[in-house]
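So the protein sequences, as listed, match chains A and B.
Those letters in the first sequence? Residues 0 to 220, per numbering that gives the first Met the number 0, in order.
Those letters in the second sequence? Residues 0 to 119, per numbering that gives the first Met the number 0, in order.
The beta-carbon is built from N, C-alpha and C at its ideal position, and this holds for glycine as well.
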Amino acid sequence: MSIITIERKVLEKNDQIAAQNREKFIQSRIFTINMVSSPGAGKTSILEKTLSQLKDKINIAIVVGDVQTDLDAQRIEKFGIPVVQIVTHGSCHLDAKLVQDAINNMNLDGIQLLIIENVGNLVCPANYDLGEHMKVVIASIAEGEDKPLKYPAMFRNASVLIINKIDLLAYTNCNLDLLKNNALRINPNLKVFQTSCTTNEGINEWCNWLEQKVNETWRKQ
Amino acid sequence: MHELSIAQNILEITQNNVPTDEWNKVRTIRLKIGKGAGVEPEALEFSFNAIIEETLFKKARLEIELIPFTFQCNNCGEITTNNEFFAICPNCGNTNVKILTGLELNISEIEIEDKTGKQL
């Protein structure tokens with residue numbers, strides 16, 4: 000037997016394309032977030048609330064990934080901003096190449112914020128760098144407090160945790176403090192927001208924070 | 000089920016690193032996978048065996064070494080090994096730690112049967 004020693008990252012090709020995406024975002028001063036969550040946690044609802052608040056203040060473009068259908072893109076289109084729907088046809092995550100193809104088909108002139116809504120899945124998207132500035136993970140009250148412990152990689156890789164559907168707290172057994180503590184024990188650097196897309200609680204705080212991040216990136220020459 | 004696309008990446012890297020006339024001699028592909036990489040070894044082996052079935056690589060098998068979590072406390076510098084992602088410094092109780100190992104998803108070695116070697 001002969002042995003070839005290679006020591007390579009299995010996902011090196013994805014990482015290379017992600018680096019190209021990242022370079023493009025930095026060059027164009029586009030703040031880019033990758034929104035991840037399990038299905039139904041409220042990614043698209045948070046996105047709609049964010050667009051309502053920020054679309055007249057900053058220039059936003061959206062890339063939205065789903066396994067099937069363009070229902071999410073239809074929900075976004077009414078805001079009159081650039082949106083590309085990626086249909087993965089069965090694949091459980093977006094990868095850097097899919098995002099690269101999507102942004103190559105968009106006019107990003109003047110865009111300050113790109114929001115990538117990933118496929119609803121707390122496992123696979125953790126492995127695939129898309130070139131984003133940060134991952135924003137959304138966990139909803141109805142999912143319970145143990146999600147960070149069950150899917151630690153996603154919470155470790157994220158910079159922001161949005162705890163959504165906070166209005167449902169009274170109707171579930173979810174322990175909010177425990178949910179937060181579990182997440183912070185996996186990743187003590189998480190910035191945490193608590194939101195409801197029904198009552199609008201916490202939406203201002205999230206949007207103000209995001210707007211500030213976008214402006215910081217845009218000002219950099 | 001992202002193990003399938005990971006299996007495709009492994010096959011592609013193997014093709015790029017082994018001369019074409021030795022593709023049918025690849026026997027073992029060694030991987031190092033961190034326990035926090037979010038990859039299920041059995042699902043990966045299943046996916047890999049499925050995609051090589053009709054190819055020159057059909058005698059290749061994956062050999063997976065699972066890498067535990069090692070983390071260093073950002074407060075006191077203590078290095079700890081753990082089977083869980085949950086990282087609390089046993090020395091000072093700090094949760095602000097730097098992960099040293101356990102997130103790997105690497106291909107380390109490819110073993111090829113010699114020209115003189117017996118067929119398996």
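**Asked** E6/A CB to nearest chain B CB: under 8 Å?
**Response** Within the first sequence, numbered from 1, the residue matching residue 6/A stands at position 7. It does; some Cβ of chain B falls within 8 Å.
**Prompt:** According to the neighbour-count rule (16 or more other Cβ atoms, all chains shown, within 10 Å of its Cβ), is I16/A buried or exposed?
**Reply:** As a first step, residue 16/A must be located in the first sequence, where it is residue number 17. Counting Cβ neighbours within 10 Å, I16/A comes out buried, since at least 16 surround it.
**Item:** Buried versus exposed call for K164/A [16 or more other C-beta atoms within 10 Å across all chains shown]
**Value:** Position 165 of the first sequence, counted from the first residue, corresponds to residue 164/A. Counting Cβ neighbours within 10 Å, K164/A comes out buried, since at least 16 surround it.
**Request:** For P224/A, return the contacting residues in chain B, with the cut-off set at a CB-CB distance below 7 Å.
**Result:** Any property of residue 224/A remains undetermined from this structure, which presents chain A solely from 0 to 220.
**Message:** What would DSSP say about C72/B, mapped onto helix, strand or coil?
**Reply:** Here residue 72/B refers to the residue found at position 73 when the second sequence is read from its first residue. C72/B: strand per DSSP, three-state reduction.
**Item:** Paired residues, beta bridge with F47/B - DSSP
**Value:** Locating residue 47/B in the second sequence gives position 48, counting from the first residue. In DSSP, F47/B forms no bridge with anything.
**Asked** Any beta-carbon of chain A closer than 8 Å to the one on T80/B?
**Response** As a first step, residue 80/B must be located in the second sequence, where it is residue number 81. Not closer than 8 Å to any Cβ of chain A, the Cβ of T80/B fails to qualify, so no.
**Message:** Quick check: the Cα distance between K134/A and A40/A, rounded to an integer number of angstroms?
**Reply:** As a position in the first sequence, residue 134/A is number 135, starting the count at 1. As a position in the first sequence, residue 40/A is number 41, starting the count at 1. Whole-angstrom Cα-Cα distance: 15 Å.
**Request:** Give every residue of the same chain whose Cβ lies closer than 6 Å to the Cβ of K24/B, excluding the five residues on either side of it in the sequence, and list them in chain order.
**Result:** Along the second sequence, read from residue 1 onward, the residue named residue 24/B stands at position 25. Excluding positions up to five away in sequence, the list reads I111 and E112.
**Prompt:** Per DSSP, L30/B is paired with what?
**Reply:** In the second sequence, the residue the question calls residue 30/B occupies position 31. Per DSSP, the beta bridge partners of L30/B are I63/B and I106/B.
**Bounding residues of the alpha helix (DSSP H) (the contiguous stretch that carries E11/B)** = Mapped onto the second sequence, residue 11/B falls at position 12. Residue range E2 to N16 is occupied by the alpha helix (DSSP H) that includes E11/B.
**Prompt:** So which residues of chain B does S1/A contact, with C-beta pairs closer than 7 Å?
**Reply:** Position 2 of the first sequence, counting from 1, holds the residue named residue 1/A. Chain order gives the chain B residues near S1/A as I111 and D113, where near means a beta carbon separation below 7 Å.
**Prompt:** Is the CB of V63/A under 8 Å away from at least one CB in chain B?
**Reply:** Position 64 of the first sequence, counted from the first residue, corresponds to residue 63/A. V63/A does not count as touching chain B.
**Prompt:** CB E108/B to CB T4/A, shorter than 8 Å?
**Reply:** Numbered from its first residue, the second sequence carries residue 108/B at position 109. Numbered from its first residue, the first sequence carries residue 4/A at position 5. Their beta carbons are under 8 Å apart, which means E108/B touches T4/A by this criterion.
**Request:** Check the Cβ of K134/A against every Cβ in chain B and list those closer than 8 Å, keeping chain order.
**Result:** In the first sequence, the residue the question calls residue 134/A occupies position 135. Result: empty, since nearest Cβ-Cβ is about 13 Å, beyond 8 Å.
**Residues that L12/A contacts on chain B, provided the C-beta gap is smaller than 7 Å** = The residue labelled residue 12/A in the question sits at position 13 within the first sequence. One detail in the question is off: residue 12/A reads as Lys in this sequence, not Leu. The answer, in chain order, is N8.
**Prompt:** What do you get for N19/A, buried or exposed, if any count of 16 or more other CB atoms within 10 angstroms of its CB means buried?
**Reply:** As a first step, residue 19/A is located in the first sequence; it is residue number 20 there, counting from the start. The sequence shown places Gln at residue 19/A, not Asn. Exposed is the call here.
**Cross-chain neighbours of S90/A in chain B, by beta carbon under 9 Å** = In the first sequence, the residue the question calls residue 90/A occupies position 91. Around S90/A, the beta-carbon contacts reaching into chain B at under 9 Å are M0, H1, L3 and S4.
**Item:** Contact with chain A by K58/B, beta-carbon distance below 8 Å
**Value:** On the second sequence, position 59 is the one that residue 58/B refers to. No, K58/B lies away from the interface with chain A (no Cβ there is under 8 Å from its Cβ).
**Message:** Am I right that V82/A and A95/A are in contact with their C-beta atoms under 8 Å? What's the rounded C-beta distance?
**Reply:** Stepping through the first sequence from its first residue, residue 82/A is reached at position 83. Stepping through the first sequence from its first residue, residue 95/A is reached at position 96. Not a contact, Cβ separation roughly 19 Å.
**Top-ranked residue by Cα proximity to I78/B, from K97/B, R60/B and L61/B** = Here residue 78/B refers to the residue found at position 79 of the second sequence. It is K97/B.
**Item:** Rounded C-alpha distance that separates G201/A from F56/B
**Value:** Residue mapping note: residue 201/A aligns to position 202 of the first sequence, counting from 1. Residue mapping note: residue 56/B aligns to position 57 of the second sequence, counting from 1. Distance between the alpha carbons of G201/A and F56/B: 54 Å.
**Asked** If we cut at 8 Å on Cβ distances, does L65/B have a partner in chain A?
**Response** Along the second sequence, read from residue 1 onward, the residue named residue 65/B stands at position 66. Not one chain A Cβ lies under 8 Å of L65/B.
**Item:** T100/B versus I161/A: straight-line alpha-carbon distance, rounded
**Value:** Counted from its first residue, the second sequence places residue 100/B at position 101. Counted from its first residue, the first sequence places residue 161/A at position 162. Their backbone Cα atoms lie some 28 Å apart in a straight line.
**Prompt:** Just checking, does the region 123-133 of chain A make contact with the region 75-94 of chain A on the three C-beta pairs under 8 Å criterion?
**Reply:** yes
**Message:** Taking the alpha-carbon of E47/A as reference, which of N199/A, T216/A and S36/A has the nearest alpha-carbon?
**Reply:** As a working mapping, residue 47/A is identified with position 48 in the first sequence. Nearest C-alpha to E47/A: N199/A.
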